[in-house]
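First up is the structure itself, then whatever we jot down about it.
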Amino acid sequence: MQLYNTLSAKEREALIEEAGKERLTISFYKYAHIGNTKIFRNHLFLEWDALEVLGRIYIAHEGINAQLSVPAENFELFKAQLDSISFLKDVRLNIAIEQNNKSFLKLKVKVRKKIVADGLNDKTFDVTNKGIHVGAESFNELIEDPDTILVDMRNHYESEIGHFKNAITPDLDTFRDSLDVIEKELSEFKEDKKLLMYCTGGIRCEKASAYYKHKGFKKVYQLEGGIIEYARQVKSKGLENKFLGKNFVFDHRRGERITDDVIAQCHQCGEPCDTHVNCANEACHLLFIQCDACAEKMDQCCSDQCKEIHGLPEEDQKKLRKGKSDSNKIFKKGRSEVLTYKKTASR
Ligand SMILES: [Zn+2]
Ligand SMILES: [Zn+2]
113 MQLYNTLSAK EREALIEEAG KERLTISFYK YAHIGNTKIF RNHLFLEWDA
163 LEVLGRIYIA HEGINAQLSV PAENFELFKA QLDSISFLKD VRLNIAIEQN
213 NKSFLKLKVK VRKKIVADGL NDKTFDVTNK GIHVGAESFN ELIEDPDTIL
263 VDMRNHYESE IGHFKNAITP DLDTFRDSLD VIEKELSEFK EDKKLLMYCT
313 GGIRCEKASA YYKHKGFKKV YQLEGGIIEY ARQVKSKGLE NKFLGKNFVF
363 DHRRGERITD DVIAQCHQCG EPCDTHVNCA NEACHLLFIQ CDACAEKMDQ
413 CCSDQCKEIH GLPEEDQKKL RKGKSDSNKI FKKGRSEVLT YKKTASR
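Our numbering puts the last residue of the sequence shown at 459; the count rises by one with no breaks.
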């Protein structure tokens with residue numbers, strides 16, 4: 113039995129190109145009690161590998177969080193397979209608006225402690241006691257209500273390239289930090305204001321809404337299916353689109369354009385730009401916004417120092433990397449002193 117990915121990203125890319133078949137980028141999540149995560153993980157890997165499904169999937173005792181690329185011709189089989197799992201029957205699938213055959217190049221199914229790193233002690237509150245789910249239409253109405261406070265539950269580098277008009281966008285690095293800061297800032301509104309929240313695909317709001325109800329907020333609402341599903345509904349129902357810019361996504365596309373507005377700037381020259389890249393210096397890998405002109409000038413690096421290292425022979429680069437952890441990958445998304453034009457709000 114082959115339980116792990118064996119092809120490299122390059123090999124997979126070639127295969128996808130050769131096949132020339134359409135792929136769908138899909139995401140879904142479900143909070144459910146999963147007893148034996150290892151067995152469930154292996155089961156999914158075998159089933160999905162056979163259907164040529166690629167993607168990144170997290171499985172924990174609390175549920176499943178999946179971002180996938182599925183061959184369009186296998187979609188019905190894939191759906192039938194999901195429906196055969198009791199807690200995934202009729203699970204809402206978020207289907208990306210902008211399709212890209214190379215959104216994922218590997219199938220990685222990982223067993224984790226949590227399906228979203230939330231830093232919360234679950235025993236302190238009931239995660240199933242969540243907020244009221246609203247679709248795009250009610251969401252648009254709620255936004256116009258003067259009693260509504262609209263909060264973006266994503267991190268700073270996500271809301272930087274796109275968010276809803278008039279939303280509070282916390283300038284924070286982690287979900288856990290955002291939860292606390294928002295609670296403090298909005299504590300006087302617990303009784304009477306409507307707390308309306310949204311995130312990429314809805315999963316973070318499942319936790320956040322339950323958390324705020326637990327903390328005493330009386331009227332808590334969340335955007336069903338997040339920005340991905342909102343964009344789909346706006347399109348199919350011909351509703352007014354109140355989002356601005358791009359929706360940051362966690363695959364090779366990095367962002368899905370929702371409207372033509374470019375609300376961010378290149379972190380190096382300040383020109384309007386909303387394209388995220390990772391610094392080409394492997395030891396840095398900083399996620400930041402870079403325009404085409406700067407990418408060319410800087411060899412896709414974040415700084416002169418990285419450009420210099422990136423220009424060295426691979427062997428020398430390896431020597432320099434030895435013993436150093438790639439801290440930028442985790443902690444420094446879009447945050448670095450070298451990024452002159454990164455806007456940071458005071459906090
Ligand atoms: Zn630039
Ligand atoms: Zn760098």
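The beta carbon of each residue, even a glycine, is placed where N, CA and C say it ideally should be. The structure presented is a predicted model; accordingly, all values stated were derived computationally and were not measured.
| Item | Value |
| --- | --- |
| Counting pairs of beta carbons, one from the segment 245 to 254 and one from the segment 283 to 301, are three or more of them closer than 8 Å? | no |
| Can you name, in chain order, every residue of its own chain whose Cβ lies under 7 Å from the Cβ of Lys277, other than the five neighbours on each side? | Lys354 and Leu356 |
| Return the residue from the list Ala184, Phe190 and Val203 that minimises the CA-CA distance to Tyr143. | Val203 |
| What separation, rounded to the nearest whole angstrom, lies between the Cα atoms of Tyr333 and Ile280? | 15 Å |
| Taking 8 Å as the limit between beta carbons, can you name the residues of its chain near Arg433, skipping five residues before and five after? | Glu394 and Ala395 |
| Take Leu194 as the anchor and find which of Ser321, Asn117 and Val165 has the nearest alpha-carbon. | Val165 |
| Less than 9 Å separating the beta-carbons of Lys319 and Leu232? | yes |
| Under a three-way DSSP split, which group does Ile138 fall into? | strand |
| Quick one: grab the DSSP three-state call for Gly167. | strand |
| What does the Cβ neighbour count give for Ser196, buried or exposed, with the cut at 16 atoms within 10 Å? | exposed |
| With 16 as the cutoff for other CB atoms within 10 Å, does Met113 come out buried or exposed? | exposed |
| So, at 6 Å on beta carbons, what are the nonlocal neighbours of Ala457 in its own chain, with the 5 sequence-adjacent residues on each side left out? | Low local confidence applies: a pLDDT of 46 at Ala457 is under 50, so the model's placement there is unreliable, with the coordinate-based value given in what follows. Answer for Ala457: Asp283, listed in chain order. |
| So Glu270 and Phe360 are supposed to be a Cβ contact under 8 Å. How far apart are they, rounded? | 4 Å |
| Three or more C-beta pairs closer than 8 Å, one from the segment 297 to 316 and one from the segment 422 to 429: is that the case here? | no |
| Using only alpha-carbon positions, find the residue among Arg344, Pro384, Ile340 and Lys214 that is nearest to Arg365. | Lys214 |
| Can you tell me where the alpha helix (DSSP H) with Tyr453 in it begins and where it stops? | Run containing Tyr453: none; DSSP gives neither H nor E here. |
| Report all residues from its chain with a CB closer than 8 Å to the CB of Leu351; omit the five preceding and five following residues, and keep chain order. | Ala248, Glu249, Asn252 and Gln345 |
| Should Gly337 be labelled buried (16 or more other beta-carbon atoms within 10 Å of its own) or exposed? | buried |
| Is Thr260 closer than 9 Å to Leu308 when the C-beta atoms are compared? | yes |
| Within 10 angstroms of the Cβ of Asp372, are there 16 or more other Cβ atoms? Answer buried if so, exposed if not. | exposed |
| According to DSSP, simplified to helix, strand and coil, what is Asp264? | strand |
| With distances taken between CB atoms, is the gap from Cys418 to Ile401 smaller than 9 Å? | no |
| Quick one, are the C-beta atoms of Gly446 and Leu399 less than 9 Å apart? | yes |
| Per DSSP, what kind of secondary structure is Arg220 in: helix, strand or coil? | A small fix is needed here, since residue 220 is Lys in this sequence, not Arg. Reduced to three states, the DSSP call for Lys220 is strand. |
| Leu136 and Ala184: beta carbons closer than 9 Å? | yes |
| Any heavy atom of ligand 1 closer than 8 Å to the CB of Gly382? | yes |
| Using a 10 Å radius around the Cβ and a threshold of 16 neighbouring Cβ atoms, would you call Glu303 buried or exposed? | exposed |
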